[in-house]
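Colleague: Can you read through this structure? Questions will come right after.
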Amino acid sequence: MLKELRLYPKYVAMSVKSSLSYKTDAILQIISFAVTEAVSLATIYLIVGAVPSVGIWTFEALAVLFGFTLIPKAIDHMFFDDLWILAYWAVRLGELDPYLTKPINPLFQFLAKTFKWAGAGELVVGVVIMCIFAPQCAIVWTASNTIAIIVCALLGMFVFTGIKLLFASLAFWVKSSGVILNTVYNFCNYAKYPVRYMGKAFMSIMFYVVPFGLFLYYPVELLITGGNVWWAALWSSIAAVVLITLGLFVWHRGIRRYESIGN
Amino acid sequence: MIQLINVEKHFKKPVRGKGVWGMVKTLFSRKYTLVKAVDGVSFDIADGEAVGYIGANGAGKSTTIKMMSGILTPSSGEILIDGKRPYKSKERNAVLKNIGVVFGQKTQLWNDLPLTETYDLLKGIYDIDGDEYKKRLGDLVELLDMKEFLSAPVRTLSLGQRMRADLAAAMLHNPKTLFLDEPTIGLDVLVKRNLIAAIKSIRAKYNTTLLLTTHAMSDIEQLCDRVIVLDKGKILFDGTTDGVKHMFGDKRNITVMLKAPATPDALLRFGFAFPEASDDLMQVKFTVDAEKQHVNEFLQDVLGAFRVEDVKIVETDIEEVVRKIYEDGVTDNASGDAETARVVDNAGNDGATVEDGE
Ligand SMILES: Nc1ncnc2c1ncn2[C@@H]1O[C@H](COP(=O)(O)OP(=O)(O)O)[C@@H](O)[C@H]1O
Ligand SMILES: [Mg+2]
C-alpha cells in the first residue's frame, strides 16, 4: 500500500501529461461537461419557476443541492473514470494483462493511469454554483457545518467509486457489465431533486438500496434546514466503507476468474 | 528454477446456436464447450537456461506464459518459480519482482509519453536504486541502440523500435527470468536479426533465464539450447535444439532463378536434392539437407551446372518442424518431400538472397 501511495502523484502527473498531448481535446471535454451541467440547472430553474416552491426548496436551495451533487461525482470522474472501461471492455478484450505482471496492486495501476479533464470541468461548475447560491439561502454557516459538508463531499466520492467498482467488477462474470453499471449509476441524477418528496417507496430506495439520496441529498437537506450535517457525514462514511469493501471483495474474487483473450 | 507440474488451463466457450433464435438461446443456456488450451504440461527450466517454446498457432504457448507471469490462474497443476506461485495473491509480488515479460502483440509503454517516463515509473514500481537504474538504463540503451528515440512519444516509434523499448522495459529491474512471447512478430528480416542479436548480448551480459516463443526456427537456433514443442496443449518434444534440427534434417529450400532454361540432364544430376522446375524451366527449387551436404558446396555445384541469375535460400519454419514431428513421430529422421513449394511461399520467412558471382 505504501508503495502505491508513494507512486500515486507520479501516475497522476503522467496521466495529466498524457492527456495534455491532446490539449484541444482536454479543453473541449471541460467545456462540454460545463455546458451540459449549466443547461440542466437552467432546466431546473424553468421547472421551479412554473410550480410554487415545495417548502424550503426554493430555486436557490435546489441550486445548492444541484451544485453539491456534482462535486463528489466530479472528483470520482477525474480519478476513477477507467472503471467504466473495466465494465464495458477491459475484461472482454483482455486489457488487464499488463497490470497483472507487475509487483504492485493491479487495480491501483489500472485506475491511477487515467486523469479526466471532464471531471475537472464538472467540479468547477459544482463549486461555482454552490458559491453563487449558498449565500442566497438561509444557511447559517459555522465552522462545523462547513467542514462537515466538505467531508461529506469527499466521502461521497468514495461512495461513487465503491458503487462503480462493485458493478464494474461484475464484468469478470458477465464479460461486459457496462449496461448494469450505467443503470445503477444513473440513479444519482434523481438525487439532484428533493428525494424526500418523491414518495415513501422511492425515497427508501434512494436512501437504502442505491444510496445516492443518503450521501448526496441528505447532507444538503441538513445544511438547509439547519440540522446537524455530521449525521450525513456519519451515514456517508458507513456507505463509503460498505461499498468500497464490497467493491474490493468482488474485484478480488473476479480477477481470479480473469481469462485474458485468445487470438 | 522454474517448475511446471501437470499444468492445465481450460477455457469455457459458450455453445453458440445458429440464427436469431440460436443467439437468444445462447444467452440463457449454460452449455459450454471446454477448450483445453494447456493440457497437462510439465517441465523444469534451470537458472540460466534458454528455452524455445514452439508450436502451431493455438497450441497453448501464450496461455502457458500468461500463467507463468501472473495473468492467468491454472485450472489445475502447479507452477513454481523459485518455489513461489505467480497466481497466488500472497506470493505474486515476490515472483513478479524477478521476472520480465514481453508480449510482441501488446505494449506496456505509455503511448503518449516519451519512453523515459515509462522507465522512470518502472524504477518506482520495482524499487530500483537510483545509481543502479542509471547504469542499467545506460547499458540497455546501448545494447538495444535506443538513443535516438529515447525522448520521442511512444506512438511515433516504428514496430522494431517499440519492441526494443518494450524489451528494455522488461529488463530494467534486472529480472532473473525473461519471458518473450513472439518478440519478432511482424518485424522485417534485418530488424529481426538485430533484435535477436541484442537479446543474445543481453543474455550474455546478465545471464538471464529465457523462455521464448517464435515462429522462426532461426530465432530458436540463435538463442536457445533447448526446445519444447507444444501441440494442442500437450508437450510433443522436449530436447536440445540440435536434436530438433537433427530430427528434421535441417532442411534448406534453395530456389535458383536461371538465365537459360534448365536441361533435363542437369536436373538429373541434382536428383538427390529433389529438384522441382517451373513449367518454363527458368526456376528450380532444391531441398538440401544441411546435415548431409555442405550448402556452400552444393551452391558451387549448382552455379557450375546452370546459368544462374539469382539464388534464394529459405530456412525452415516452426510450423513445418511441428508438422514433421507430428507426422513422422519423434524418432524418425525425416526425408525431403513435395513440401518444398509451400515453404518457399510462406511469407515472413528468413529469406536470404545471395547474389551469384558468375
Ligand atoms: N481468454 C481465452 N478465452 C478463450 N479461449 C482462449 C483464451 N485464450 C486462449 N484461448 C484458446 O486456447 C488455445 C491456445 O491459445 P494460445 O495459448 O493463445 O495459443 P498460442 O499462443 O500457442 O498460439 C486456443 O484455442 C485459443 O483460442
Ligand atoms: Mg500466442
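Sequences listed follow chains A and B, in order.
All letters in the first sequence, in the order written, are residues 1 to 263 by our numbering.
All letters in the second sequence, in the order written, are residues 1001 to 1358 by our numbering.
The C-beta atom is built at its ideal place from N, Cα and C for all residues, glycine as well.
The structure presented is a predicted model; accordingly, all values stated were derived computationally and were not measured.
Could you check if residue 1047 of chain B is buried or exposed, using at least 16 other CB atoms within 10 Å of its CB as the buried criterion?
Modeller: exposed
Colleague: Going by CA-CA distance only, name the one from B/1039, B/1062, B/1288, B/1102 that's closest to residue 984 of chain B.
Modeller: Lying before the first or after the last residue shown, residue 984 of chain B is absent from chain B, which here runs from 1001 to 1358.
Colleague: Can you pull the chain A residues whose beta carbon is under 8 Å from the beta carbon of residue 1137 of chain B, in chain order?
Modeller: Listed by position along chain A, the residues whose Cβ is nearer than 8 Å to that of residue 1137 of chain B form an empty set, because the closest Cβ is around 17 Å away.
Colleague: Please report the straight-line C-alpha distance between residue 5 of chain A and residue 1217 of chain B, rounded to a whole angstrom.
Modeller: Each residue's Cα considered, the two are about 46 Å apart.
Colleague: Could you name each continuous alpha helix (DSSP H) segment of 4 residues or more that falls completely within the segment 215-263 of chain A, going from the start of the chain to the end?
Modeller: 218-225, 229-255
Colleague: What residues from the segment 82-105 of chain A come within 7 Å of chain B, judged by C-beta to C-beta, listed N to C?
Modeller: 97, 98, 100, 101, 102, 103, 104
Colleague: Distance, Cα to Cα, residue 1072 of chain B vs residue 1209 of chain B?
Modeller: 21 Å
Colleague: CB of residue 95 of chain A to nearest heavy atom of ligand 1: below 8 Å?
Modeller: The answer is no for residue 95 of chain A.
Colleague: Please determine whether the Cβ atom of residue 1359 of chain B lies at a distance below 8 Å from any heavy atom of ligand 2.
Modeller: This structure cannot settle anything about residue 1359 of chain B, because the visible part of chain B is limited to 1001 through 1358.
Colleague: Is it true that the CB of residue 79 of chain A sits closer than 9 Å to the CB of residue 156 of chain A?
Modeller: no
Colleague: Using 10 angstroms around the beta-carbon of residue 221 of chain A, count the other beta-carbons present and answer buried if the total reaches 16, otherwise exposed.
Modeller: buried
Colleague: Taking the runs of the beta strand (DSSP E) that are 3 residues or longer, which of them lie wholly in the segment 1113-1152 of chain B?
Modeller: none
Colleague: As a quick exercise: from B/1010, B/1155, B/1202, B/1286, pick the residue whose alpha carbon is nearest that of residue 1271 of chain B.
Modeller: B/1286
Colleague: Report the CB separation of residue 246 of chain A from residue 166 of chain A in whole angstroms; it is logged as a contact under 8 Å.
Modeller: With a Cβ gap of about 5 Å, residue 246 of chain A and residue 166 of chain A count as contacting.
Colleague: Taking only beta carbons into account, state which residues of the segment 1109-1136 of chain B come closer than 9 Å to chain D, listed in chain order.
Modeller: The structure shown has no chain D; the protein chains it does contain are A and B.
Colleague: Between residue 233 of chain A and residue 219 of chain A, is the Cβ-Cβ spacing less than 9 Å?
Modeller: yes
Colleague: Which residue spans inside the segment 1160-1209 of chain B form an unbroken alpha helix (DSSP H) run of at least 4?
Modeller: 1189-1206
Colleague: State yes or no: is the C-beta of residue 1061 of chain B nearer than 8 Å to some heavy atom of ligand 2?
Modeller: yes
Colleague: Rounded to the nearest angstrom, how far is the Cβ of residue 1222 of chain B from that of residue 1166 of chain B, given a contact under 8 Å?
Modeller: Contact flag wrong, Cβ pair sits at about 20 Å.
Colleague: By the three-class DSSP mapping on this structure, what secondary structure does residue 1289 of chain B have?
Modeller: strand
Colleague: At 8 Å on the CB atoms, spell out the chain A contacts of residue 1070 of chain B, in chain order.
Modeller: 100, 101
Colleague: Show which residues of chain A have a CB atom less than 7 Å away from the CB atom of residue 1073 of chain B.
Modeller: Per Cβ cutoff of 7 Å: 256.
Colleague: Over the uninterrupted alpha helix (DSSP H) stretch that includes residue 8 of chain A, give me the two end residues.
Modeller: 2-20
Colleague: Output needed in chain order: residues of the segment 13-27 of chain A with a Cβ under 7 Å from some Cβ in chain B.
Modeller: Going along the segment 13-27 of chain A in chain order, one finds 14, 17, 18, 21 with a Cβ nearer than 7 Å to chain B.
Colleague: In terms of residues, what are the limits of the alpha helix (DSSP H) holding residue 1002 of chain B?
Modeller: Going by DSSP, residue 1002 of chain B is part of no alpha helix (DSSP H) but of the beta strand (DSSP E) stretching over 1002-1014.
Colleague: Residue 1039 of chain B: beta carbon under 8 Å from a heavy atom of ligand 2?
Modeller: no
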